[in-house]
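A.B. asks: Input: one structure, supplied below.
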Amino acid sequence: MFAAGRNWARDRFRRQAPRLPAVRTTEIPWVEPGLAGALERLSGRQREVVMLVHCFEWTLAEVLGMSKGSVQVHERRGMARLRRDLGCSDG
Amino acid sequence: MSGGVWPGSDVIWGAPMADLHDQLRAYGRQIERDLADRPQPTETPTDSGPPARPPRPRHRTWLLVAAVTATVAVTAAVLPTALRSEEENMRKGSGAVLGLCLLAAACSSTQDTASTTGSAPPRTSAAATPSATGPTGSAGTSLLDGPDAVEPGSYVVDKFGTPIQVTMPSGWHRLGGVGVKGPDEAVLTFPEFGSVYTDSCNWIDSGAPVGPTVDDLVQALRAQQGSQTTDPQPLTVDGFAGYELVVSKPDGSDFTKCYGGQRSVWKDADGAITDFLGSATPLTVRVLDLAGRRAVIAFMSYQPMSASTEAELSAIVDSIRIG
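Here it is as structure tokens:
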């Protein structure tokens, strides 16, 4: 029952995610305009974790339904893909 | 540090990866503001609009379900030790789990419905409920925090210890908690400086922390490369002394070749707000010493200002009273 409820809610979260608002460069000019598109291209779990942790400042522990290690993996892979999409290489 | 090339640009930046975190945080705040300001969630979505269902409320719905069911699961596991028989324990435990999960789902649906009918994220709930801040436009109402639209009237900026009173006309809107924006993209801001870029063109890696005094900021602005800054003119507002400087782009310079296509002057103390030099008007910066604490009033326009807008902005600035 717990898993069913969790998966139901998570699926709803993911299904709705791919449409994100455009970056308003007049208000936040230092943000790459392609950021929204790059986020949309992430997998559901990667987008879920990256947006909760980095856009909305949740801690890794607050991202429930996955182990902390799993959250970290999705966060790392999501951020790596964002960097790749936005043309920034790791140093 | 690492470098990269932004898509669609022929300019190579030194782009630190830490900057991506700042960008994501700023983008999240934009989404939160959109959600707080959205008047009609049922309107036809556009490409630039917010998502049909905001990430945070959706996740909070899921979080509610998960938290309640997790609590129930733990409770059901503990309860049997206090009950009489294993079979009875299993029946009661399973029944409790099922019942409370249904209750959680019902609560979740209610909350989700509320979120789709205009509820705001918690950090911006005040902005989503105009009546929550009391009558707008009355003396004592915060200019920086509140609904998107600024009603005509008197407002206060109280972030610098000493209150700053401002009289606003109609047609202006709040700008990300740091100022207001009006016609022709004229802006009036009250920033708290975190750092000043030593180079306003190749600014991304050049942020340098600025000291707390009026002189610290004046010197940092005057030393900034890639922009022209006038000599500081002494200024006194209601007995509080300071300086006024005008920062502009060098004649003939092409700011489209700068990082991100614009010149940036400073970074706000929270790391999320960067002001920049638009192509329309110079940036006027008033730096005042309010009983030992530095206050900054900055104004400019991103679009060429009409005469009426110029007069309006001037009237707003002239209306400022301190103390």
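The listed protein sequences correspond, in order, to chains H and C. Each residue of the first sequence is one higher than the last, beginning at 1 in this note's numbering. Each residue of the second sequence is one higher than the last, beginning at 92 in this note's numbering. A virtual CB, placed ideally from N, CA and C, is assigned to each residue, including glycine.
Name the chain H residues that come within less than 8 angstroms of Arg265 of chain C, Cβ to Cβ?
C.D. replies: Those within 8 angstroms of Arg265 of chain C in chain H number zero; the least Cβ separation is about 11 angstroms.
A.B. asks: Closer than 7 angstroms between beta carbons: that is the criterion. Which residues of the segment 107-126 of chain C meet it against chain H?
C.D. replies: Met108, Leu111, His112, Gln114, Leu115, Arg116, Ala117, Tyr118, Gly119, Gln121, Ile122 and Asp125
A.B. asks: Would Gly414 of chain C and Gly333 of chain C be called neighbours here (beta carbons separated by less than 9 angstroms)?
C.D. replies: Not closer than 9 angstroms, so no.
A.B. asks: Is the Cβ-Cβ distance between Thr258 of chain C and Ser405 of chain C less than 9 angstroms?
C.D. replies: no
A.B. asks: So, Val53 of chain H versus Val71 of chain H, is the Cβ gap smaller than 9 angstroms?
C.D. replies: yes
A.B. asks: Curious, which full-length beta strand (DSSP E) runs of at least 3 residues does the segment 265-317 of chain C contain?
C.D. replies: 270-272, 277-280, 284-288 and 298-300
A.B. asks: Taking DSSP as the reference, what is the three-state secondary structure of Leu404 of chain C?
C.D. replies: helix
A.B. asks: Taking the alpha carbon of Gly273 of chain C as the point to measure from, which residue in C:Ala402, C:Glu335 and C:Val338 has its own alpha carbon closest?
C.D. replies: When only C-alpha atoms are compared, the closest one is C:Ala402.
A.B. asks: With DSSP as the reference, label Ser399 of chain C as helix, strand or coil.
C.D. replies: Ser399 of chain C: helix per DSSP, three-state reduction.
A.B. asks: Determine, using beta carbons only, whether Leu35 of chain H and Leu115 of chain C come nearer to each other than 9 angstroms.
C.D. replies: Yes.
A.B. asks: State the Cα-Cα distance for the pair Gly44 of chain H and Glu75 of chain H, rounded to the nearest angstrom.
C.D. replies: 12 angstroms
A.B. asks: Helix, strand or coil: how does DSSP classify Gly37 of chain H here?
C.D. replies: helix
A.B. asks: Pick out whichever of C:Val287, C:Pro300, C:Ile407 and C:Cys292 has its Cα sitting closest to the Cα of Asp345 of chain C.
C.D. replies: C:Cys292
A.B. asks: Can you find a CB in chain D that lies within less than 9 angstroms of the CB of Val73 of chain H?
C.D. replies: Note that chain D does not occur in the displayed structure, where the protein chains are H and C.
A.B. asks: Grab the span of the alpha helix (DSSP H) containing Leu86 of chain H for me, first residue to last.
C.D. replies: Where Leu86 of chain H is concerned, there is no enclosing alpha helix (DSSP H), given that its DSSP letter is neither H nor E.
A.B. asks: Rounded to whole angstroms, what is the Cα-Cα separation between Ser355 of chain C and Val338 of chain C?
C.D. replies: 11 angstroms
A.B. asks: Which residue comes first and which comes last in the beta strand (DSSP E) that contains Arg354 of chain C?
C.D. replies: Arg354 to Asp359
A.B. asks: Please list the partners that Ser405 of chain C has in chain H, where partner means a Cβ-to-Cβ separation under 9 angstroms.
C.D. replies: Residues of chain H passing the Cβ test: none, with the nearest at roughly 22 angstroms.
A.B. asks: Give me the chain C residues within the contact set of Leu35 of chain H, using Cβ-Cβ distance strictly less than 8 angstroms, ordered along the chain.
C.D. replies: Gln114, Leu115 and Tyr118
A.B. asks: Distance check for Ala386 of chain C and Leu379 of chain C, CA to CA, integer angstroms please.
C.D. replies: 5 angstroms
A.B. asks: Tell me whether the beta-carbon of Val376 of chain C lies closer than 9 angstroms to the beta-carbon of Leu312 of chain C.
C.D. replies: yes
A.B. asks: Expressed to the nearest angstrom, what Euclidean distance is found between the alpha-carbon atoms of Pro341 of chain C and Pro323 of chain C?
C.D. replies: 18 angstroms
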